[in-house]
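Count along the sequence shown from 1, then add 83; that gives the number in the working numbering. Note that beta-carbon positions come from the ideal geometry of N, C-alpha and C, so glycine has one too. Worksheet: one structure, shown below.
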Amino acid sequence: MCDIIWCKKEVGGKPCDTINYLDPYCFWNWEGKINCAECGTVYYIHMIQGFMYKGPEEKPGEKPDTSPLYADKPYDGYSNYRPGVEGRTRPFQCIPRAKLLGVADKVKFSIRGRPVRGWRPQPPSAGLAGSFGFNWDIQKLSPEVWEEYQKKLAAGEVKDW
Ligand SMILES: [Zn+2]
Numbered sequence: 084m085c086d087i088i089w090c091k092k093e094v095g096g097k098p099c100d101t102i103n104y105l106d107p108y109c110f111w112n113w114e115g116k117i118n119c120a121e122c123g124t125v126y127y128i129h130m131i132q133g134f135m136y137k138g139p140e141e142k143p144g145e146k147p148d149t150s151p152l153y154a155d156k157p158y159d160g161y162s163n164y165r166p167g168v169e170g171r172t173r174p175f176q177c178i179p180r181a182k183l184l185g186v187a188d189k190v191k192f193s194i195r196g197r198p199v200r201g202w203r204p205q206p207p208s209a210g211l212a213g214s215f216g217f218n219w220d221i222q223k224l225s226p227e228v229w230e231e232y233q234k235k236l237a238a239g240e241v242k243d244w
């Protein structure tokens, strides 16, 4: 969590007392307006590296850019707003950051030089998961890996630890 906005707005003679959580991926470096999940008060905030640089300042009559992901009311038992309550909280869309959308590093051999099971391709007879359980015939399944393995064995590149 970067920070929270503890809304103290008077609503119907009582403070709103709702905690709006600013989740880190969305608000870490962010400037804009966000609504309180309970009373709808719009707050302007400017966060830099997870630090509240400006705000929260009330912006009456303005439209929020986004909503908190989650909010709760600590003085009111466990009542809360979970993600995706229309007009109050944002839906959780589970979108990873761009830099995490990488390509997997595929390896044929472990750090000790032994072949690893995950190497593809496996024949269709391997079934849905393609794992061959306890019966992994590497010579038949991946002859090219087997050949490379024999060369590694001969070169003394295979270790037990
Ligand atoms: Zn409020």
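>> Taking the straight line between their C-alpha atoms, what separation do you get for VAL94 and THR124?
In response: 10 Å
> Taking the DSSP output, what are the residues bridged to TYR90?
Replying inline: Correcting the residue type first, residue 90 is Cys in the shown sequence and not Tyr. DSSP output for CYS90 lists THR101 as bridge partner(s).
>> Among CYS177, PRO157, ASP159, TYR158, whose alpha-carbon lies nearest the alpha-carbon of PRO166?
In response: CYS177
> Whose CA, out of GLY144, TRP113, PRO139, lies closest to the CA of ILE131?
Replying inline: TRP113
> Quick one: complete beta strand (DSSP E) runs, 3+ long, within the stretch 139–163?
Replying inline: 153–155
>> Beta-carbon within less than 6 Å of ASP148's beta-carbon, same chain only, minus the 5 sequence neighbours each way: which residues are those?
In response: GLY115, LYS116
> Using the beta-carbon count (16 or more within 10 Å), is LEU152 buried or exposed?
Replying inline: buried
> What first and last residue would you give for the beta strand (DSSP E) that runs through LYS191?
Replying inline: Unbroken run through LYS191: none, as it is neither H nor E.
> So is ILE128 buried or exposed if we call it buried at 16+ other beta carbons inside 10 Å?
Replying inline: buried
>> Following a CB-centred definition, is GLY123 positioned closer than 8 Å to any heavy atom of ligand 1?
In response: yes
> Residues in its own chain within less than 7 Å of SER225 by CB, not counting five upstream and five downstream?
Replying inline: TRP202
> Does the distance from the C-beta atom of ARG197 to that of VAL241 stay below 9 Å?
Replying inline: yes
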